[in-house]
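All residue numbers for the sequence shown refer to the working numbering, where the first residue is 940 and numbers rise by one. All residues carry an ideal CB built from backbone N, CA and C; glycine is no exception.
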Amino acid sequence: MQNDDAFVQALSITRAQAGVRSMTAQEIVAYAKEVAQGIRQMQGVAAAVAGAVEPAVDPKDAVRESSVVCLECGAKFKMLTKRHLAQHGLTPDEYKAKWGLKKGTSLACKSLQRMRRKKMQDMQLWSRRKGFNGEDDAKEGAE
């Protein structure tokens, strides 16, 4: 519908221009196409600017207990992935910079962060490393 509106507006501008100066049929057609194309481009730029200005929610409230809201489209997820952000043409770092989030901010919901933290503490991978607290090194030196 916007394209039809652009064409109607272009025709009215072309009529006004043709009333001011004499134009051939080819000039009128070319002028109408050029004006319609310019109007469509301006409508596209205005829509992109309007969409980019307002976040779906307040950036401070985007990370919730059980969901994360994408500030670009307003969709809710457990975690904002690189793949989803790529649909908006952004990397995680660009997304955080655009919306004023700190660089280290997690893009996962709080419950998922808590679950992962607990799982890592239960696994205690750091205690399985060779040479932890010097125990393995002391045994090798005694032999």
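Between the Cα of residue i and the Cα atoms of the options, which residue gives the shortest distance?
i, options, result
"residue 946", "961, 980, 962", "980"
"residue 916", "999, 962, 1062", "Outside the shown range of the chain, which is 940 to 1082, sits residue 916, and nothing can be said about it."
"residue 971", "995, 997, 944, 994", "944"
"residue 973", "960, 952, 958", "952"
Can you give me the C-alpha to C-alpha distance between residue i and residue j, rounded to a whole angstrom?
i, j, result
"residue 1053", "residue 1031", "21 Å"
"residue 940", "residue 982", "With a pLDDT of 44 at residue 940, under the threshold of 50, the modelled position of this residue cannot be trusted, and the question is left open."
"residue 1025", "residue 958", "50 Å"
"residue 1033", "residue 1047", "16 Å"
"residue 995", "residue 1061", "37 Å"
"residue 1070", "residue 1007", "40 Å"
"residue 966", "residue 1001", "53 Å"
"residue 1063", "residue 1021", "28 Å"
"residue 978", "residue 997", "33 Å"
"residue 1068", "residue 993", "48 Å"
"residue 960", "residue 1014", "53 Å"
Put residue i into one of helix, strand or coil per three-state DSSP.
i, result
"residue 1042", "coil"
"residue 1018", "strand"
"residue 995", "coil"
"residue 1047", "strand"
"residue 940", "Only weak support exists for where residue 940 lies, its pLDDT of 44 falling under 50; the value from the coordinates is given anyway. Three-state result, residue 940: coil."
Could you give the C-beta distance for residue i and residue j, rounded to a whole number, given that I count them as a contact under 8 Å?
i, j, result
"residue 1009", "residue 1019", "6 Å"
Short check: CB of residue i to CB of residue j, under 8 Å?
i, j, result
"residue 934", "residue 1023", "This structure leaves residue 934 out entirely; the chain is present only between 940 and 1082."
"residue 1094", "residue 1004", "Here the chain comprises residues numbered 940 to 1082, so residue 1094 is not present and cannot be evaluated."
"residue 975", "residue 949", "yes"
"residue 1042", "residue 1029", "no"
"residue 1057", "residue 1044", "no"
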